[in-house]
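J.:
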Amino acid sequence: MRPLRSVLIANRGEVAVRIIHACRELGMRSIAVYSDEDRGALHTRLADEAHRLGPAAASESYLHAERVLAVAGRSGADAIHPGYGLLSENPRFASVVLDAGLIFIGPSPQVIAQMGDKVAAREAAQRSGIPQLPGSTGPVPDLAAAVQAAERIGYPLLIKACFGGGGRGMRIVHCREDLEAGLQAAAREANAAFGCADVYLERYVPRGRHVEVQILADAHGNIVHLGDRDCSLQRRHQKLIEEAPAPGLSPGLRRALVDAALMLARDVGYRNAGTVEFLVETRTDDFYFLEMNTRLQVEHGVSELISGIDIVQAQMRIAAGEPLGFTQQDVQMRGCAMQARIAAEDPFEQFRPHSGTIRHMRTPLGPWLRFDVGIEAGDSISRYYDSMFGKLQAWGPDRESARKRLAIGLASLEVEGVPTTAPCLREVLAQPDFVAVTHDTGSLERDWLPRSALPSAPAPVVREAEPASALCERRVRLSTSQGTIEVAVFGHVQKARPVRGVVQTATLQSDVDPLAPIDGAVVKVCVQAGQRVEKGAVLVILEAMKMELPVTAPRAGIVEEVRVAAGDVTARGNLLVKLAPVQPPVAGE
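What follows is the structure, given as structure tokens:
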């Protein structure tokens, strides 16, 4: 065992704040790092000390392993906690941390490499006898190999990045004609996010549930689980709402999932906190291995709320060589917990991310609420990083109590400066299928997405007033000259009030020229000067805050000038491509 006195947190935002609190409770010194964009950010203000890494781009700061190690050396850190995302599942980083004589708070580099490679992880799960979906035997090197594998797997199928997580590098393909475009998009996104463009194929189950098991394992042969979680509420393969325990599972299925997770962890020699993810078909009690995350999960808080075990502190004790200090019999699950991820995205504009300064924020209060957040009023949401800035969690003695408390918490959350996902998630919690646990991973995008903003607000028509209490409240999203706002409309009376948790956001709409809808980097330019394009054709692909956004032609035209190139960084509202109108044919020609 090695004593831990100081921990460098190689991350930012709410997860860095979460780890700082764990260090504080354990009496450890917390060391923060920051980029130029994050100078003065909340995690730097809360830590015992903070050190600059480099410029705003993650590749020059939070993903720059050598700079992180240099700060660890200067600050006298005993250990490095990678959080999640960024360097957390990078086996090379874990190796250089250990080579520098520091403690890496996570599993061994060998296990990270094995389970971080999804193809190798599938092979490990197969050796452990865990069911798997049909898929390619390895990365697909080209289109011909992908076509051959797809014919064997069958459509629909899912293209998945071989490394990384968070829904990046994933595309659903429904037919042969969409395979090539899906491969290119998934590989491009995977390379940008994880530095590796390798992808593989797997059968897609449209109405499955995403269920995972949280495990803790020490170096003394002790391994326990902290129950299961349901993470089926997703958009673009990224989780929005999670809950523990997973509802609607039969006792036999729940036991089988836990047994499979523990078996895999033992077979690969796992140490520290980890999560084994499964795709579940509750109607048949069938389940399939998806992947293993060798790090702290974003949704770890719901498992903490029902188990009473601080997973981050357990990670640190395990990394220091201490035994868990409890057995499976000591872990008592109580009640239910739900979590909503709060992101600076506008669900009424296809979850488009937004950057900006938080002018005001009122956080929910209540005895059964927990709000993990990485910002305060006056802080900024940066286009360089993930759009998620907080996680609201609620506990209850049963699922319905937790659901209602989370909805109340979302309603009381107030954020001014950027739009948030809170209003949409509040409505999702009230969906009959979610309440009845008949939802699946496709429910949100297939059935529940909010309507797009109206093109303009209708002229008010004043009718005879009725008592507001006797009328049904309807929520409407309107576009105004000042931006977009959600209002509550009572009956026929043109009386409206702002809905809590919603702010005005500028909406860029142009029928003439394609403007950048977000601040972001240009991933790909799809046209060239002189080319004729039809309305809806993809002109440029932008990327910001872990999201790719294709910019399409608002009308048919001739590309007169391309004003950006791949690798450029553009600001919201900038002209990307200048389109000349298509000249009608001259009469008689």
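To convert, note that position 379 of the sequence shown is 367 in the working numbering; the numbers rise steadily by one, no gaps.
No residue lacks a Cβ here, since even glycine has one placed at the ideal position from N, Cα and C.
The model shown is predicted, which means the values in this text are computed figures rather than measured ones.
What residue from Y372, G378, V268 and P411 has the CA that sits closest to D334's CA?
T.: Ranking Y372, G378, V268 and P411 by Cα distance to D334 puts P411 first.
J.: Out of curiosity, what's the CA-to-CA distance linking L57 and S63?
T.: Their Cα atoms are separated by approximately 10 Å.
J.: Can you tell me where the beta strand (DSSP E) holding T32 begins and where it ends?
T.: No beta strand (DSSP E) holds T32; the alpha helix (DSSP H) holding it covers L30 to L34.
J.: Report the residue from E54, A328, K227 and Q98 whose alpha carbon sits nearest the alpha carbon of A42.
T.: For the record, residue 42 in the displayed sequence is Gly; it is not Ala. Here the closest residue by C-alpha is E54.
J.: CB-CB under 6 Å to P127, same chain, minus the five flanking residues each way: which ones, in chain order?
T.: Around P127: C150, D186 and Y188.
J.: Pop quiz: G561 and A532 are said to be a contact at Cβ under 8 Å. What is the actual Cβ separation, rounded to whole angstroms?
T.: Not a contact, Cβ separation roughly 14 Å.
J.: Is there contact here, the region 285 to 294 with the region 310 to 324, by at least three beta-carbon pairs under 8 Å?
T.: Yes, the region 285 to 294 is in contact with the region 310 to 324.
J.: If we count the other Cβ atoms within 10 Å of its Cβ and call it buried at 16 or more, is T315 buried or exposed?
T.: T315 is exposed by the Cβ-count criterion.
J.: What do you get for A328, buried or exposed, if any count of 16 or more other CB atoms within 10 angstroms of its CB means buried?
T.: Classification of A328: buried, given that the 10 Å Cβ count is 16 or more.
J.: Let's test the definition: count the other Cβ atoms within 10 Å of the Cβ of R434 and tell me whether it reaches 16, buried, or not, exposed.
T.: Exposed.
J.: What are the residues that DSSP puts in a beta bridge with D274?
T.: Looking at the DSSP assignment, D274 forms a beta bridge with E269.
J.: With DSSP collapsed to three states, give me the class of I141.
T.: DSSP places I141 in helix when its eight states are reduced to three.
J.: If we ignore side chains and look at the alpha-carbon of each, how far apart do L(-8) and R176 end up?
T.: Answer to the nearest angstrom: the Cα atoms are 40 Å apart.
J.: Where are the alpha helix (DSSP H) runs, 4 residues long or more, that stay fully inside the region 93 to 124, in chain order?
T.: You should have 97 to 104 and 106 to 115.
J.: Could you tell me the distance, in whole angstroms, from the CA atom of C163 to the CA atom of A173?
T.: Cα to Cα, the separation comes out at about 16 Å.
J.: If distances are taken between C-alpha atoms only, which option among R0, R350 and S18 comes closest to R27?
T.: Closest by alpha carbon: R0.
J.: CB T429 to CB R197, shorter than 8 Å?
T.: Yes; because the gap between Cβ atoms is below 8 Å, this pair is in contact.
J.: Is the beta carbon of F377 sitting closer than 8 Å to the one on A332?
T.: Yes, these two residues count as a Cβ contact at 8 Å.
J.: Compare the beta carbon distance of V521 and L530 with 8 Å and say whether it is the shorter of the two.
T.: Against a cut-off of 8 Å, the Cβ pair of L530 and V521 comes out as no contact.
J.: Does DSSP classify S578 as helix, strand or coil?
T.: The structure shown does not extend to residue 578, since the chain is modelled only from -11 to 577, so the question has no answer here.
J.: Please work out which residues of its chain come closer than 8 Å, Cβ to Cβ, to F275, disregarding the five sequence neighbours upstream and downstream, and give them in chain order.
T.: Contacts found: P119, V199, L241, A244, L245, A248, F266, L267, V268 and E269.
J.: I need the DSSP call for V425, collapsed to helix, strand or coil.
T.: Note: V425 maps to coil in three-state DSSP.
J.: Please name the residue, chosen from T426, G15, V85 and E13, that lies closest to A(-2) on a Cα-to-Cα basis.
T.: The shortest Cα separation from A(-2) among T426, G15, V85 and E13 belongs to V85.
J.: Hey, how far is the Cα of E230 from the Cα of K566?
T.: Each residue's alpha carbon lies about 44 Å from the other.
J.: Could you check whether T263 and V193 sit closer than 8 Å to each other, using their CB atoms as the reference points?
T.: For V193 and T263, no; Cβs fall outside 8 Å.
J.: Counting only the same chain and skipping the five closest in sequence on each side, list residues whose C-beta sits under 7 Å from that of V513.
T.: Here the set comprises V528, V550, V552, A553 and A554.
J.: Is A4 helix, strand or coil when you go by DSSP?
T.: Here A4 sits in helix by DSSP.
J.: If you drop the 5 nearest sequence neighbours on each side, which residues of the same chain put their C-beta closer than 6 Å to that of A544?
T.: Only E522, K523 and V570 meet the Cβ criterion.
J.: Along the beta strand (DSSP E) that carries Q381, what are the first and last residues, could you check?
T.: From DSSP, the beta strand (DSSP E) with Q381 extends over M376 to G384.
J.: Just tell me which of V416, G397 and V425 has its CA closest to the CA of W436.
T.: Checking every option, the nearest Cα to that of W436 belongs to V416.
J.: Note down, in chain order, each residue of its chain lying with its Cβ closer than 8 Å to the Cβ of S457, except the 5 sequence neighbours on either side.
T.: Note that S457 scores a pLDDT of 35, beneath 50, so its modelled location is shaky and nothing firm can be said.
J.: Do you know offhand how far R271's Cα is from V425's?
T.: Rounded to whole angstroms, R271 to V425 spans 12 Å at the Cα level.
J.: Taking G158 as the reference, which of N260, E48, R224 and I369 has the closest Cα?
T.: Note that residue 158 corresponds to Met in the displayed sequence, not to Gly. Of the listed residues, the one whose Cα sits closest to M158 is R224.
J.: Beta-carbon within less than 6 Å of V21's beta-carbon, same chain only, minus the 5 sequence neighbours each way: which residues are those?
T.: Result list for V21: H39, L41 and V59, in chain order.
J.: Does the separation of the CB atoms of R283 and E77 fall below 8 Å?
T.: Contact: yes.
J.: Whose CA, out of S375, T345 and Q381, lies closest to the CA of A583?
T.: Here the chain comprises residues numbered -11 to 577, so residue 583 is not present and cannot be evaluated.
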